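Enquirer: Under this note's numbering, the first residue of the sequence shown is numbered -8, with each subsequent residue one higher. Beta carbons are placed, not taken as given, at the ideal position from N, Cα and C, and that holds for glycine. Small disclaimer: the values here were computed from a predicted structure and weren't measured. Here it is: the structure, laid out below.
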Amino acid sequence: MSTTEDPQERSSDRDSGAATSPRRTTPSRVLTGLSARALALAVLFVLLAEAVLFVPSAGRWLEQELNDRLSDGHLAVRTLEELPSAMPNDRLTTELLDHVDAGLVAFRSPDRPKLVLFREPGLQVERSIDLRETGLLGLSLHAFQIMIGHQPGAMLRVVGLSPADPNAEIELVLDQARICLELRSYTARVAALSLFISLATGLLLYLALGWLIVRPVLRLTRAMRAFADHPEIEQTARRESDRSDEIGDAFNQMQAMQETVRAALTQNRRLASLGTGVAKISHDLRNLLTTSLLITDRMSASKDEGVAKAAPRLAESIERAATLTHTIVQHVRDGMPALAVETVVLKPFFGGVIDRIRQRWGPQGKVVSLVEDFDLSSLAFDPLQIERVLINLLDNSFEAGADKVDLRAEARDGGLTIRVQDDGAGVPDAAVPHLFDAFKGSTKRSGTGLGLHNAAEIIQAHGGSIELLHTGQDGTEPTTFEIRLPEVRRGRSGSGNSGQPGEA
C-alpha cells in the first residue's frame, strides 16, 4: 500500500512537535474492488444460468426445425397429389425436394397409398430421430451430438406426424450439415445475447453497488482512519440518518463508538492529571505519616493506660494509610497493582473488618452483624485489598442512611460468596447502569465514584465478580451487593459456624 503525506501537515507536525503517523491512502481498486468482483460474479452467474437454460432451448429449437421440415414435406406430397398425372417427372421431384431441402420424402397414411420422393437410392443415414417417441431431453442430446460430432456428408433420418394432419406420417432424410450449421448459428446468437445480458446486468450491479455500498464504505473507512490518526478532533463519520439499512447502522454505530472512545480518552486524561497530582503529594503525605508513627511510638510509652492502649491501634491505622497511599500511587502509575495473595484465616479476618466498622459507626448507633455459613478455615486472597472492598461497601451503606447492615459469608461453588445487605434507602435507578464506572457510579453528591470502581477492579483481579443484586428501591428486598471469590488455595475446619451476630 502506498503512503502519502501532505506537506502542510508535515510542517504543522514539526511546528507542534507532535509525532503523527503519515496519512494512509487507499490505492485504486477499479479491477480488484468489491464492485469489480460483483461485476465478474454477475457475468459468471448469468452465463451459467443461460448455459443451463440453453440445454432445453437447443432441444426445443431442433424440434421446431424438424417439425417445419415435416410440414414442408407434407406440403410437397400434397402438391404431387394435386397433379393431373400420378407419376411426377424428375424435374418436379427435384424442385420439391429442394424446397424441403431433403434427399428423401416418404408419406404414409391409413387411407392413402404410400408415396416416396427421392433424389437417388441408397442414401447413407448416420442418425435417426423419431419425433413421436423422443422427448425434449433426447432432442437436446441429439442437438449437442449434431453440433459436436457431425461428420461431412452425413444424413439425418427424421420420422414424425405431420403438423397439418395427425394421421399422416412423414419420413425425411435431411443433409445433417445444414442442420448443424443452423444449430451452431442459433447457439452463437444465444451466446451473444447471453453475454450482452450478463454484461448489462453486471454493469448495472457494478454501478448500484458502487453507489449504495462501496462509496459509503469508503467514506466510513476514511472516517475510521482519520479518527485513528486524530481521535481528539471532532471529525466523526457523517451520520447516515436517511438510511435504515446496515450501512446506515454502521455509520451510526461508528459515530457512537467515536463518541464513546473520545469520552474515554477525555476521562483518561483527567485520570492522568489526577495521578500526577497524587504522585506530587504522595511524598509529603508519607513524611507526615512517618512523623505520626514516631508520635504513636511515644504514646505507647505513656503512663496513661488509655493512651497507651490506643497507640497500637493508631499506629496500625497509620501504617495501613501509608500502605494504601503507596498502593494508590502505584495504581495511578502502573494500573491495578499486583496482588499480595496469602492464605488468610477467615474468622479473624472478618472479625477485624467488623471491629473497624464498629469503631467508626458504633458511636452513631449503627449496627453491623456478621453471619458466617462456611466450612472454610482459610482462603487465598489479598487481605488488604479485600478489606478495602468490604469497608467501602459497609461505609457506603451507613452513609446512605442505613441503620443496620448484615455481612454474610458462605461457601458456594468451591469458593467464598460475600453479601452486604442494608436497610437503607437503596441505590437510585439512574445510578445503576454506571455503578462501577469511575467518576460515574457515585450515589452521593460529594462522592467521586472511585470507590465501587476500585472495588470492582480488585475483585476482578482476584478472578471473581461483584454485582448489585437488589437496589432496595421497591422495599421488598434489602439493598444487596454480592462478591464471589473463586477457590485458590484453602483449608477446612471440622464444622461450620452460623449466626454470630454482633452490634456496633
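Are the beta-carbon atoms belonging to leucine 147 and alanine 33 less than 8 Å from one another?
Expert: No, the Cβ-Cβ distance between leucine 147 and alanine 33 is not below 8 Å.
Enquirer: Near proline 101, what residues of its chain come up, given a Cβ to Cβ distance below 7 Å and the 5 sequence neighbours on each side ignored?
Expert: So the list reads Asn158, once near-sequence residues are dropped.
Enquirer: What's the C-alpha gap between proline 222 and proline 477?
Expert: Each residue's alpha carbon lies about 39 Å from the other.
Enquirer: Is there contact here, the region 237 to 254 with the region 262 to 280, by at least three beta-carbon pairs under 8 Å?
Expert: Because the criterion of three Cβ pairs below 8 Å is not met, the region 237 to 254 and the region 262 to 280 do not touch.
Enquirer: Give the secondary structure of leucine 114 by DSSP, where H, G and I count as helix, E and B as strand, and everything else as coil.
Expert: DSSP places leucine 114 in coil when its eight states are reduced to three.
Enquirer: Whose C-beta lies closer than 6 Å to the C-beta of leucine 200 among residues of the same chain, with five residues either side of it excluded?
Expert: Ser26 and Ala29.
Enquirer: Between the alpha carbons of alanine 306 and proline 469, how many angstroms are there, rounded?
Expert: Each residue's Cα considered, the two are about 36 Å apart.
Enquirer: Scan the region 104 to 180 and note each continuous alpha helix (DSSP H) run of 4 residues or more that stays entirely inside, going in chain order.
Expert: The qualifying runs are 127 to 140.
Enquirer: Skipping 5 residues on each side, what residues in its chain have a beta carbon closer than 8 Å to that of cysteine 171?
Expert: Excluding residues within five positions, the ones whose Cβ falls inside 8 Å are Ile137, Met138 and His141.
Enquirer: For arginine 403, which of Asp413, Val205 and Arg475 has the nearest alpha-carbon?
Expert: Among Asp413, Val205 and Arg475, the Cα nearest to that of arginine 403 is on Arg475.
Enquirer: Do valine 359 and leucine 407 have their CB atoms nearer than 8 Å?
Expert: Result no, Cβ atoms of valine 359 and leucine 407 do not sit closer than 8 Å.
Enquirer: Using the Cα positions of threonine 178 and alanine 49, report the straight-line distance between them to the nearest angstrom.
Expert: Between threonine 178 and alanine 49, the C-alpha separation is close to 8 Å.
Enquirer: Is the beta carbon of glycine 151 less than 8 Å from the beta carbon of leucine 39?
Expert: Taking 8 Å as the Cβ cut-off, glycine 151 and leucine 39 do not qualify as a contacting pair.
Enquirer: Can you tell me the Cβ-Cβ gap for valine 149 and leucine 163, rounded? I've got them flagged as a contact below 8 Å.
Expert: Yes, they are in contact, since the Cβ atoms of valine 149 and leucine 163 sit about 5 Å apart, within 8 Å.
Enquirer: Could you check whether valine 68 and leucine 106 sit closer than 8 Å to each other, using their CB atoms as the reference points?
Expert: Contact: yes.
Enquirer: Check the C-beta distance from leucine 337 over to glutamine 376 and give it rounded, since I have them as a contact under 8 Å.
Expert: No, leucine 337 and glutamine 376 are not in contact; Cβ-Cβ is about 15 Å, not under 8 Å.
Enquirer: In terms of residues, what are the limits of the beta strand (DSSP E) holding isoleucine 474?
Expert: It spans 470 to 476 - the beta strand (DSSP E) in which isoleucine 474 sits, taken as one unbroken run.
Enquirer: Can you check DSSP and say which residues form a bridge with serine 100?
Expert: According to DSSP, serine 100 bridges with Arg103.
Enquirer: Check the C-beta distance from serine 388 over to valine 411 and give it rounded, since I have them as a contact under 8 Å.
Expert: At roughly 7 Å, the Cβ-Cβ gap stays under 8 Å, so serine 388 and valine 411 are in contact.
Enquirer: Taking the alpha carbon of glycine 405 as the reference point, which residue from Gly144, Phe242, Leu370 and Thr257 has its own alpha carbon closest?
Expert: Cα-wise, what sits closest to glycine 405 is Leu370.
Enquirer: Would serine 12 be called buried (16 or more neighbouring beta carbons within 10 Å of its own) or exposed?
Expert: Unreliable positioning characterises serine 12 in this predicted model, as indicated by a pLDDT of 43, which lies under 50. The coordinate reading is nonetheless provided below. Burial call: exposed.
Enquirer: Does DSSP classify leucine 203 as helix, strand or coil?
Expert: DSSP places leucine 203 in helix when its eight states are reduced to three.
Enquirer: Nearest to glycine 356 by CA position, among Asp364, Thr334, Arg347 and Asp394, is which residue?
Expert: It is Asp394 whose Cα lies nearest to the Cα of glycine 356.
Enquirer: Can you give me the start and stop residues for the beta strand (DSSP E) that leucine 35 sits inside?
Expert: Premise fails: leucine 35 lies in the alpha helix (DSSP H), 25 to 72, not in any beta strand (DSSP E).
Enquirer: Proline 334 bridges to which residues according to DSSP?
Expert: Proline is not the amino acid found at residue 334; the sequence shown has threonine there. For threonine 334, which the question treats as bridged, DSSP gives the partners Ala371.
Enquirer: Let me know the secondary structure DSSP gives lysine 395 once reduced to three states.
Expert: Three-state result, lysine 395: strand.
Enquirer: Once the 5 residues before and after isoleucine 449 are set aside, which same chain residues still bring their CB inside 6 Å of it?
Expert: Gln376 and Val380.
Enquirer: When you compare only the Cα positions, how much space is there between serine -7 and arginine 234?
Expert: In this prediction, serine -7 has a pLDDT of 38, which is less than 50 and means its spatial position is unreliable; what the coordinates show is noted afterwards. Their backbone Cα atoms lie some 33 Å apart in a straight line.
Enquirer: Can you tell me whether serine 131 is buried or exposed? The criterion is at least 16 other CB atoms within 10 Å of its CB, across all chains shown.
Expert: Result: buried.
Enquirer: DSSP three-state call for leucine 308: helix, strand or coil?
Expert: One point to set straight first is that residue 308 is serine, not leucine, in the sequence displayed. Correct three-state label for serine 308: helix.
Enquirer: Per DSSP, which residues does isoleucine 496 bridge with? Please list them.
Expert: The shown model of the chain, from -8 to 495, leaves out residue 496, and the question about it has no answer.
Enquirer: At a Cβ threshold of 8 Å, is leucine 130 touching chain B?
Expert: Judged by its chain identifiers, the structure shown contains no chain B, having just a single protein chain.
Enquirer: Counting only the same chain and skipping the five closest in sequence on each side, list residues whose C-beta sits under 7 Å from that of glycine 438.
Expert: The predicted model places glycine 438 with a pLDDT of 46, which falls under 50 and marks its position as unreliable, so this point remains unresolved.
Enquirer: Checking 8 Å against the spacing of the C-beta atoms, do serine 293 and proline 303 come in under that value?
Expert: No, Cβ-Cβ distance for serine 293 and proline 303 is not below 8 Å.
Enquirer: Report yes if the CB atom of serine 185 is closer than 8 Å to the CB atom of glutamate 41, and no otherwise.
Expert: In this structure, glutamate 41 lies closer than 8 Å to serine 185 by Cβ.
Enquirer: Drop a sphere of 10 angstroms on the beta-carbon of arginine 436, count the other beta-carbons inside from all chains shown, and report buried for 16 or more, exposed for fewer.
Expert: Low confidence applies to arginine 436: its pLDDT is 47, below 50, so where it sits in the model is not reliable enough to give any reading.
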